[in-house]
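Asker: What follows is a structure written as structure tokens; I'll ask about it next.
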Amino acid sequence: MLSLCAQRVSDTRRRYEDQVKPRHAPRPTNGTPTSSRKLHRFSLLAPPAQCTYGSMKTPNVYQSGTRKPALLVLAAMMTLMTLSITAQPLVALSPQPDDAIPQSLIALLQRTGDTGQVAAARNSYQVARQEAVAAGYRGDLSFSLTPWWKTSWPADEDPDLYHEVSATIGTTIPTGLSAADGLHLERALARLQGAEAELSRVLLDTAATLYSSYAAVYIAWAEIPVLEAEYNAARRLLDAEEARYRGGEISLIDLFSVREDYRRTQQAMENGTTSAELLLLDLLVLSGSEIPHRFGSPEMIDDYTPRSPTADIGRLDVPPLQSALDRIDADHPRIAQQQAALDSALASTSVPRDPLLSTLRLSYSDADDQSGSISYSFARPSLSLSYTPPPIGIGTDVTSRSDRSSSDSNRNSITFQAVFSLGVGSARSHAIEAAEAAVRYEATRLEALERSLEADVRSRYRRIDSAEALLESARQALQRFDASLDAIRARDALGLAAPAEAAAAHAAARRAELAVTEAEINLVGAQLAYLATAYLPHALPASIYHSLFGGTR
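This note's numbering runs 1 ahead of the 1-based position in the sequence shown.
What follows is the structure in structure tokens.
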């Protein structure tokens, strides 16, 4: 009976081992597991199994599982033909490094202008700038030509037509903007000021967002060897517990619990690379970078070695909270943008009346029927000139055949005209009421924005204190794990420590080191978020400031 029970337990253990056995089981080399990045040879993002030469793609003739020699020969012949035609160098056919994948924070921040947020803000600024230029344009210099034909005959005689042909030449020279155009220009300049402030704010906010995304990628990549160490420790513990189970020291339930822990560490190791790939993909999309063709391939995973983000930033000198709060009203782009909206609304309240004296005109004519005029418009400031030469007559002049006195036709004349206009209605009063309502609305928004910004800046500053506390806690934990590891190594040197115990202590120390690194990165991220919220770009390191804004601080 006992032998039968032992046989059933052995069968159960064998079936369980088959279930938890990894599909890609690592083969230890000198007690160290192989990198999970090399074990993870499949990816949903990896390119299809095909080779590309120029514009030719050779199909995978073994894809269906049966060899096809004829297709293989045909593919080889077509490949040779393509190579002979294109004559591409061999270096072009070999995999090249992907410059599209940033491996440092500086390289990433240099692409800030390619992000969607910055591109949209830059386009809005360009639109506002063009609108301001168009609003300040006085108008085109215009020319006019008015040809005319006149036919006349005596009223009390036989019809004897007399024809006159001439033309009037005129030009209009804009000299300024009307009151309405000046108001439109003020609003356009206010919008331009707001768009410029928004561009500066988005640039710094996007830089802080890119830092957070890059930091997540770096931490995910740094966690892969930690996951490998934890997997190795779980493997050694499982071996030790199986030996104890065979010796009857632990129950089958206890062994199953250890195997579940081993299975979780194995799954975490396999998922570590996938998580890092997805975070890197998010970073490429966020930064507006092109996704390389070989993205997700094992070669790319093995070659990608991101640089620590804190290595490019160094030490950040964070200004005190009160200093940041004092500068919000004067320097913050969001305040400047809202103030520009308020200024635009205030400008709209100055609805001008049309000038009472709208036009002055001085005209001249002489006995030869040539004439000219000069006029100035006050409603839309412009100077107009016109000239009409003597007409060309065809036939007998009517005045020469008239018995009436023609003394008026032999006189020169100068005429001065003044045009007065007055608008009557309530359009102006309605416009002023609407503008005053807009002013009250924008002023309320400005007050609310000031309170909201102050709360955000205070919150970001408090998060720096929290991040510093977490960093100190992580460093203390690392000291404890290092001390524990040293003690276990000393016991191991005396032959008193089990291999599983040493592996577990080593994995715990690696995890504590990663926690310190993550806490340091998060502290810098909290400081950058504070600088972005308070808009303090001059507190950035010189290299970061140059990458974002160009020039020097």
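Ideal Cβ positions, reconstructed from N, Cα and C, are used throughout, including at glycine.
(1) If you draw a straight line from the C-alpha of Y215 to the C-alpha of E434, how long is it?
(2) Tell me the residue span of the beta strand (DSSP E) that contains R362.
(3) Should the stretch 371-391 be regarded as contacting the stretch 183-196, the criterion being three or more beta carbon pairs within less than 8 Å?
(4) Taking S383 as part of the alpha helix (DSSP H), name the residues at either end of that continuous run.
(5) Indicate the three-state DSSP secondary structure (helix, strand or coil) for E564 in the structure shown.
(6) Tell me whether P29 is buried or exposed, calling it buried when 16 or more other Cβ atoms sit within 10 Å of its Cβ.
(7) Compute the Euclidean distance between the alpha carbons of R139 and E443, then round it to the nearest angstrom.
(8) Measuring alpha carbon to alpha carbon, tell me which of F379, T397, Y531, A428 ends up nearest G177.
(9) Sort out for me which residues DSSP pairs P175 with in a bridge.
(10) Tell me, which residues are paired with F421 by DSSP?
(11) Grab me the residues of A337's own chain with a C-beta within less than 6 Å of its C-beta, minus the 5 sequence neighbours each way, in chain order.
(12) Tell me, please, whether the stretch 278-296 touches the stretch 215-233 by the rule of three or more beta-carbon pairs shorter than 8 Å.
(13) Output the distance between the C-alpha atoms of S359 and T152, rounded to the nearest integer angstrom.
(14) With DSSP as the reference, label I393 as helix, strand or coil.
(15) Quick one: give me the first and last residue of the alpha helix (DSSP H) that T445 is part of.
(16) Output needed for A348: all residues of its chain with C-beta closer than 8 Å, excluding positions within five of it in sequence on either side, in chain order.
(17) For the beta strand (DSSP E) containing T152, list its first residue and its last residue.
(18) For I489 and R481, I'd like the C-alpha separation in whole angstroms.
(19) Should G526 go down as buried or exposed, given a rule of 16 or more other Cβ atoms within 10 Å for buried?
(20) Leaving out five residues on either side along the sequence, give the residues of the same chain with a beta carbon under 7 Å from the beta carbon of S548.
(21) Using only alpha-carbon positions, find the residue among V458, A494, D493 that is nearest to S324.
(22) Taking I329 as part of the beta strand (DSSP E), name the residues at either end of that continuous run.
(23) Got a sec? Which residues, its chain only, sit under 6 Å from A341 by beta carbon, not counting five neighbours each side?
(24) Do S376 and Y365 have their C-beta atoms within less than 8 Å of each other?
(25) Rounded to a whole number of angstroms, what is the C-alpha to C-alpha distance between G496 and A506?
Answerer: Let me spell this out:
(1) For the purposes of this step, residue 215 is taken as residue 214 along the sequence shown, with counting starting at 1. For the purposes of this step, residue 434 is taken as residue 433 along the sequence shown, with counting starting at 1. Rounded to whole angstroms, Y215 to E434 spans 51 Å at the Cα level.
(2) As a working note, residue 362 is residue 361 in the sequence shown. Per DSSP, R362 belongs to the beta strand (DSSP E) from 358-366.
(3) no
(4) By 1-based counting over the sequence shown, the position of residue 383 is 382. First-last for S383: 383-389, but that is the beta strand (DSSP E), not the alpha helix (DSSP H).
(5) A question about residue 564 goes unanswered here, because the residues of the chain that appear run from 2 up to 554.
(6) Translated into the one-based positions of the sequence shown, residue 29 becomes position 28. In this predicted model, P29 has a pLDDT of only 38, less than 50, meaning its place in the structure is not dependable enough to derive any value.
(7) Start at 1 with the first residue of the sequence shown, and residue 139 comes out as number 138. Start at 1 with the first residue of the sequence shown, and residue 443 comes out as number 442. So the two alpha carbons sit approximately 30 Å from each other.
(8) For the purposes of this step, residue 177 is taken as the residue at position 176 of the sequence shown. Checking every option, the nearest Cα to that of G177 belongs to F379.
(9) Here residue 175 refers to the residue found at position 174 of the sequence shown. Paired residue(s): S383.
(10) For this step, residue 421 is matched to residue 420 along the sequence shown. F421 pairs with L358.
(11) The residue you call residue 337 lines up with position 336 of the sequence shown. Cβ within range, chain order: A198.
(12) yes
(13) Within the sequence shown, the letter at position 358 stands for residue 359. Within the sequence shown, the letter at position 151 stands for residue 152. Their backbone Cα atoms lie some 35 Å apart in a straight line.
(14) Residue mapping note: residue 393 aligns to position 392 of the sequence shown, counting from 1. Here I393 sits in strand by DSSP.
(15) Numbered from its first residue, the sequence shown carries residue 445 at position 444. Run containing T445: 428-494, per the alpha helix (DSSP H) assignment.
(16) Counting from 1 along the sequence shown, the entry for residue 348 is found at position 347. Contacts found: L184, E187, R188, A191.
(17) Taking the first residue of the sequence shown as position 1, residue 152 is located at position 151. Residues 143-153.
(18) The residue you call residue 489 lines up with position 488 of the sequence shown. The residue you call residue 481 lines up with position 480 of the sequence shown. Each residue's Cα considered, the two are about 12 Å apart.
(19) By 1-based counting over the sequence shown, the position of residue 526 is 525. So G526 ends up on the buried side.
(20) Translated into positions along the sequence shown, residue 548 becomes position 547. So the list reads I107, L110, Q111, once near-sequence residues are dropped.
(21) By 1-based counting over the sequence shown, the position of residue 324 is 323. Among V458, A494, D493, the Cα nearest to that of S324 belongs to V458.
(22) Along the sequence shown, one-based indexing puts residue 329 at 328. Run containing I329: none in the beta strand (DSSP E); it sits in the alpha helix (DSSP H), 329-332.
(23) The residue you call residue 341 lines up with position 340 of the sequence shown. These residues qualify, in order along the chain: A191, Q194, G195.
(24) Position 375 of the sequence shown, counted from the start, is the residue given in the question as residue 376. Position 364 of the sequence shown, counted from the start, is the residue given in the question as residue 365. No, these two residues do not count as a Cβ contact at 8 Å.
(25) As a working note, residue 496 is residue 495 in the sequence shown. As a working note, residue 506 is residue 505 in the sequence shown. The alpha-carbon atoms of G496 and A506 are separated by roughly 16 Å.
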